[in-house]
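Q: Below you will find the structure I want to go over with you.
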Amino acid sequence: MISVLEYLRPEKLDDALHIMGGGEHTPAAGGTDLVLQLRDGRPRKILDLERLGLDFIRNAGDIIEIGSLVTHAAIASNPLIAKSLPVLSRASSLVGSLQIRNRGTVGGNIVNASPCADTVPALLLYDAELVLKSSGGTRTVPLSQFVLGPYRTSLGPGEILHSIICRKAEVSTGWSYIKLGRRQAVNISRMTLATSIFMNGDGKIGSVRISAGSVFPTPSRIPRIERMLVGRTPSQELYRQAANIAADMMIKESGHRWSTPYKKPVLINLLTRALTEAQSKLIAGMVS
Ligand SMILES: Cc1cc2nc3c(=O)[nH]c(=O)nc-3n(C[C@H](O)[C@H](O)[C@H](O)COP(=O)(O)OP(=O)(O)OC[C@H]3O[C@@H](n4cnc5c(N)ncnc54)[C@H](O)[C@@H]3O)c2cc1C
């Protein structure tokens with residue numbers, strides 16, 4: 006049984022921030038994660054963010070700003086995001102079910118900080134920065150520094166996530182997004198890999214971005230592998246070599262666990278596949 010002491014639904018951002026400043030209310034967006042906490046009797050005072058006008062998508066030069074209340078369904082069906090942030094578009098289209106995508110928001114996905122949050126590895130690929138607001142002002146934090154661990158973030162007291170700023174993908178960038186789960190529908194990720202690749206005119210790798218969910222303690226880019234690949238001629242051997250190093254890094258950072266004999270070969274195969282898929286999109290002309 007769910008019981009709530011107070012439920013507020015302000016229509017102005019300043020009012021919401023003032024209420025949050027009191028330190029008693031928990032913000033609610035789509036409620037798809039929060040409802041599980043409510044069943045356990047926490048939190049007791051809810052501040053609904055739905056009417057604050059945070060469901061915007063703004064195109065501004067080489068960046069796109071996404072309001073925290075934009076749903077996964079709205080992101081997945083937005084043509085600008087499909088063109089300029091294709092990995093995010095794909096990740097959002099794979100969240101949960103149609104019902105979850107219609108309610109669940111990108112902001113809730115980030116702040117909940119589940120290790121299997123689907124949008125986080127995709128957003129890391131686009132150097133996402135988070136705009137956090139409180140009654141005391143505004144600050145901007147790179148997403149890479151926001152998630153501190155499973156279900157832990159650097160969101161301060163009284164703060165809400167206002168919006169997410171993403172750098173658009175370079176033109177002619179191949180990409181891939183692989184979500185490994187136990188089933189096809191309503192599939193919670195066991196591992197997520199997001200990649201993008203840009204080739205120089207000489208056939209060598211000009212730039213590459215790789216991020217991973219449920220591989221390291223927090224979703225993260227893998228800069229060591231990115232640096233290793235730049236300037237090299239792409240091949241299956243090179244990608245497999247890179248994937249082997251990534252697997253060694255995973256074991257070093259996350260420790261040897263009961264799941265390691267499964268996860269190590271899976272990471273090697275999936276990362277090899279993810280890089281190959283990104284490159285083949287370039288060859289096929291399916292680029293951002
Ligand atoms: C059946 C089911 C399937 C699911 N499948 C997936 C899946 O495949 N992939 C996936 O990634 N997730 C999945 N989820 C999890 C969930 O749907 C997503 O994480 C969703 O994006 C959460 O967004 P929300 O708007 O519902 O957040 P809420 O539940 O409203 O909030 C989640 C948390 O974030 C805080 N919060 C929300 N918005 C803000 C804000 N703007 N500022 C500050 N704090 C905020 C809340 O206080 C709460 O602690 C699934 C959930 C269910 C129930």
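Be aware that the sequence shown starts at 6, since it is given in our numbering, and climbs by one per residue.
Even glycine gets a Cβ: it sits at the ideal position worked out from N, Cα and C.
#1: Measure the CB-CB distance between phenylalanine 203 and serine 216 and report whether it falls below 7 Å.
#2: What residues in its chain sit with their C-beta under 8 Å from that of threonine 145, if we drop five residues either side in the sequence?
#3: Which full runs of the beta strand (DSSP E) of 3+ residues lie inside the segment 209-280, going along the chain?
#4: Do you know whose CA, among Arg262, Met25, Lys173 and His167, lies nearest lysine 88's CA?
#5: Taking only three categories from DSSP, how would you classify serine 168?
#6: Candidates Ala252, Cys121 and Pro48: which alpha carbon is nearest glycine 186's?
#7: Quick check on lysine 17: does DSSP put it in helix, strand or coil?
#8: Unbroken alpha helix (DSSP H) runs of length 4 or more, entirely within the segment 94-133: which are they?
#9: So, does the segment 140-158 touch the segment 106-120, judging by three or more C-beta pairs under 8 Å?
#10: Looking at the secondary structure, which residues open and close the beta strand (DSSP E) in which leucine 153 lies?
#11: Comparing C-alpha positions only, which one of Leu103, Thr31, Pro224 and Lys17 sits nearest to leucine 160?
#12: How is arginine 44 classed by DSSP in three states: helix, strand or coil?
#13: I think valine 92 touches serine 177, with their Cβ atoms under 8 Å apart; what is that distance to the nearest whole Å?
#14: Any chance the segment 52-66 sits against the segment 13-26, with 3 or more Cβ pairs inside 8 Å?
#15: Between which residues of its own chain and glycine 112 is the CB-CB distance below 7 Å, once the five residues before and five after are set aside?
#16: Return helix, strand or coil for serine 285, following the three-state DSSP convention.
#17: Given the structure, does aspartate 45 come close to ligand 1, in the sense that its CB is under 6 Å from one of the ligand's heavy atoms?
#18: Pick helix, strand or coil for serine 8, following the three-state DSSP scheme.
#19: Less than 7 Å between the beta carbons of asparagine 107 and alanine 127, yes or no?
#20: Three or more C-beta pairs closer than 8 Å, one from the segment 219-236 and one from the segment 245-261: is that the case here?
#21: Can you find the residues in the same chain that come closer than 6 Å, C-beta to C-beta, to arginine 63, ignoring five residues on each side of it along the sequence?
#22: Within 10 Å of its beta-carbon, does leucine 22 have 16 or more other beta-carbons around it, so buried, or fewer, so exposed?
#23: Mapping DSSP to helix, strand and coil, what is lysine 88?
#24: Ordered along the chain, which non-local residues of its own chain (more than five positions away) have a Cβ less than 7 Å from that of proline 48?
#25: Is alanine 81 closer than 7 Å to serine 94 when the C-beta atoms are compared?
#26: Between the beta-carbon of glycine 26 and the beta-carbon of serine 168, is there less than 7 Å?
#27: If you measure from the CB of serine 94, is any heavy atom of ligand 1 nearer than 6 Å?
#28: Suppose you measure from the CA of glutamate 242 to the CA of isoleucine 86; what does that come to, to the nearest Å?
A: In this structure, then:
#1: In the sequence shown, counting from the first residue as 1, residue 203 sits at position 198. In the sequence shown, counting from the first residue as 1, residue 216 sits at position 211. No, Cβ-Cβ distance for phenylalanine 203 and serine 216 is not below 7 Å.
#2: Walking along the sequence shown from the start, residue 145 turns up at place 140. Same-chain partners within the cutoff: Glu134, Leu135, Val136, Leu137 and Ile170.
#3: Runs of the beta strand (DSSP E) inside the segment 209-280: 210-218.
#4: Taking the first residue of the sequence shown as 1, we reach residue 88 at position 83. Closest option to lysine 88, Cα to Cα, is Lys173.
#5: Within the sequence shown, the letter at position 163 stands for residue 168. Three-state DSSP puts serine 168 in a strand.
#6: Working through the sequence shown from its first residue, we reach residue 186 at position 181. Among Ala252, Cys121 and Pro48, the Cα nearest to that of glycine 186 is on Cys121.
#7: Within the sequence shown, residue 17 is the residue found at index 12, counting from 1. In this structure, lysine 17 counts as coil in the three-state DSSP scheme.
#8: Runs found: 103-108, 111-117 and 124-130.
#9: Taking a contact to require three or more Cβ pairs closer than 8 Å, the segment 140-158 and the segment 106-120 qualify as touching.
#10: What you label residue 153 is simply residue 148 of the sequence shown in a count that begins at 1. In the DSSP assignment, leucine 153 falls within the beta strand (DSSP E) that extends over 152-154.
#11: Here residue 160 is taken as the residue at index 155 of the sequence shown, counted from 1. Ranked by how close their Cα comes to the Cα of leucine 160, the residues Leu103, Thr31, Pro224 and Lys17 have Thr31 in first place.
#12: Against the sequence shown, residue 44 aligns to sequence position 39. DSSP places arginine 44 in helix when its eight states are reduced to three.
#13: Within the sequence shown, the letter at position 87 stands for residue 92. Within the sequence shown, the letter at position 172 stands for residue 177. No, valine 92 and serine 177 are not in contact; Cβ-Cβ is about 15 Å, not under 8 Å.
#14: Contact between the segment 52-66 and the segment 13-26 is present, because at least three Cβ pairs lie under 8 Å.
#15: Residue numbering aside, residue 112 sits at position 107 when the sequence shown is read from its first letter. Around glycine 112: Ala34, Ser73, Leu74 and Leu166.
#16: Residue 285 sits at position 280 when you count from the first residue of the sequence shown. When secondary structure is reduced to three states using DSSP, serine 285 falls in the helix class.
#17: Residue mapping note: residue 45 aligns to position 40 of the sequence shown, counting from 1. False, no ligand heavy atom lies under 6 Å from that Cβ.
#18: What you label residue 8 is simply residue 3 of the sequence shown in a count that begins at 1. The three-state reading of DSSP puts serine 8 in coil, since its state is none of H, G, I, E or B.
#19: As a working mapping, residue 107 is identified with position 102 in the sequence shown. As a working mapping, residue 127 is identified with position 122 in the sequence shown. By the CB criterion at 7 Å, asparagine 107 and alanine 127 fall outside the cutoff.
#20: Yes: the two stretches touch, three or more of their Cβ pairs being nearer than 8 Å.
#21: Reading the sequence shown from its first residue, position 58 is the one you call residue 63. If we look at arginine 63 and ignore the five residues flanking it on each side, its Cβ neighbours are Glu70.
#22: By one-based count along the sequence shown, residue 22 stands at place 17. With 16 or more other CB atoms across the displayed protein chains lying within 10 angstroms of its CB, leucine 22 is buried.
#23: By 1-based counting over the sequence shown, the position of residue 88 is 83. In the structure shown, the three-state DSSP call for lysine 88 is helix.
#24: Within the sequence shown, the letter at position 43 stands for residue 48. Excluding sequence neighbours, proline 48 sits near Thr31 and Gln42.
#25: Residue numbering aside, residue 94 sits at position 89 when the sequence shown is read from its first letter. Residue numbering aside, residue 81 sits at position 76 when the sequence shown is read from its first letter. Cβ distance < 7 Å, so serine 94 and alanine 81 count as in contact.
#26: Your numbering for residue 26 matches position 21 in the sequence shown. Your numbering for residue 168 matches position 163 in the sequence shown. In this structure, glycine 26 keeps its C-beta atom at 7 Å or more from the C-beta atom of serine 168.
#27: Your numbering for residue 94 matches position 89 in the sequence shown. Serine 94: no, Cβ never under 6 Å from ligand 1.
#28: Here residue 242 is taken as the residue at index 237 of the sequence shown, counted from 1. Here residue 86 is taken as the residue at index 81 of the sequence shown, counted from 1. Spanning the two alpha carbons is a distance of roughly 33 Å.
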